[in-house]
DNA sequence: TATTGTTATACTCTATAACTATA
DNA sequence: TATAGTTATAGAGTATAACAATA
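And the structure:
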């Protein structure tokens, strides 16, 4: 803006210091990716977490809640409401595990499998659009860096 | 685990489908970076958001709250409590903008500047440690990808 | 009329402690 | 005793509507 009153305070904001940090860059880019994903999933009434849970249940039918929480890197209590939601919508069901009446075996319903397929296709397409300026080698390089960061964390 | 009961449900969880997605990889890596940053800032009683706000105020003394919210990509109402917190700790102050009695000119105190310097140094060091397996060219490649994603968002 | 900062509110994600029912 | 799932709760981040003061 060419508003002269702005000049009495600050015209151009410098975030040079923050942009030096990988974490800050990552947060900003992740916010974009996350917003795009949320927008894409809205149509299926899924969020990033319910989507992740559904995909993992479809790919691993019969897994337990504690295994799923582990895989998703969230606490067990926080998974309960996600599973409640997916179950209420009849996208998955809580089967009993034979020989261990404490645990549930999570399984997708047919509707869950179908919604999952559609959502995966939609997310794939939207991500492709979002990353259309990023060629395969750049994507691979970025993915490698993220893998290294994850690994560094797991190794302590 | 070699627990035979696990075998009746699922032994090894496959997250192959999810790992195909750039967004999922990014979320996992970002969680690591974010946790590391939070740990680093704990010592200064700062969080990622209060840290970002403080750095921006130190680098741009006199900026308005609405400008800061813009720069941080957060909504104006959410900035208020962050500024309240930094002001209460006397790290910044709300000065009046001459000729516009609606707005505040945010300025760091000496204590704020000093804490900011220390925090920036600590974050730099911790980030260096976190990324020690990632060489300069890999970092640059990853940063480029993140810039492109951000740009893609700004351009619509 | 429009803008700055504010209040109130609500939703999501995250984290911990404590409970129940099983093992 | 330990584990699976659950409940309750609290903190943090995010988003919108509506308001007072001021432009």
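Protein chains in written order, with this note's numbering: chain A, 1 to 156; chain B, 1 to 156. In this text, a Cβ means the ideal position worked out from N, Cα and C, and glycines have one as well.
Rounded to the nearest whole angstrom, the C-alpha separation of residue 130 of chain A and residue 30 of chain A is 12 angstroms. Of the candidates B:147, B:109, B:104 and B:113, the residue whose Cα lies closest to the Cα of residue 21 of chain A is B:147.
The region 32-49 of chain B makes contact with the region 112-125 of chain B; the number of CB pairs closer than 8 angstroms reaches 3 or more. Restricting attention to A:75, A:25 and A:113, the CA atom closest to the CA of residue 59 of chain A is found in A:113. Beta-bridge pairing by DSSP links residue 108 of chain B to B:92.
For residue 103 of chain B, the secondary structure class from DSSP, reduced to helix, strand or coil, is strand. Not one beta carbon of chain B lies nearer than 8 angstroms to the beta carbon of residue 50 of chain A. Our two residues, residue 151 of chain A and residue 145 of chain B, have alpha carbons roughly 20 angstroms apart in a direct line. Between residue 50 of chain A and residue 85 of chain A, the C-beta gap is smaller than 8 angstroms, which places the two residues in contact. When Cβ-Cβ separations below 8 angstroms define contact, residue 44 of chain B makes no contact with chain A.
Taken in chain order, the members of the region 113-124 of chain B whose beta-carbon sits within less than 8 angstroms of a beta-carbon on chain A are 120, 123 and 124. Looking from the CA of residue 140 of chain B, the closest CA among A:61, A:110, A:25 and A:64 belongs to A:25.
When DSSP states are grouped into helix, strand and coil, residue 63 of chain A belongs to the strand group. Unbroken alpha helix (DSSP H) runs of no fewer than 4 residues, entirely contained in the region 34-64 of chain B, are found at 48-59, following chain order.
Rounded to whole angstroms, the separation of the alpha carbons of residue 75 of chain A and residue 69 of chain A is 6 angstroms.
If you ignore the 5 residues before and after residue 37 of chain A, its C-beta comes within less than 7 angstroms of the C-beta of 48 and 123, all in its own chain and listed in chain order.
In chain order, 60, 62, 63 and 67 make up the part of chain A whose C-beta sits under 7 angstroms from the C-beta of residue 10 of chain B. Between residue 91 of chain B and residue 65 of chain B a beta carbon distance of about 15 angstroms is seen, past the 8 angstroms cut, so the two are scored as non-contacting.
Residues of the region 76-87 of chain A with a C-beta atom less than 8 angstroms from some C-beta of chain B do not occur. Chain A has a Cβ within less than 8 angstroms of the Cβ of residue 131 of chain B. At a cut-off of 8 angstroms between C-beta atoms, residue 109 of chain A does not count as an interface residue with respect to chain B.
For residue 18 of chain B, the enclosing alpha helix (DSSP H) has its first and last residue at 16-19.
Between residue 33 of chain B and the set B:126, B:19 and B:80, the nearest pair of CA atoms involves B:126.
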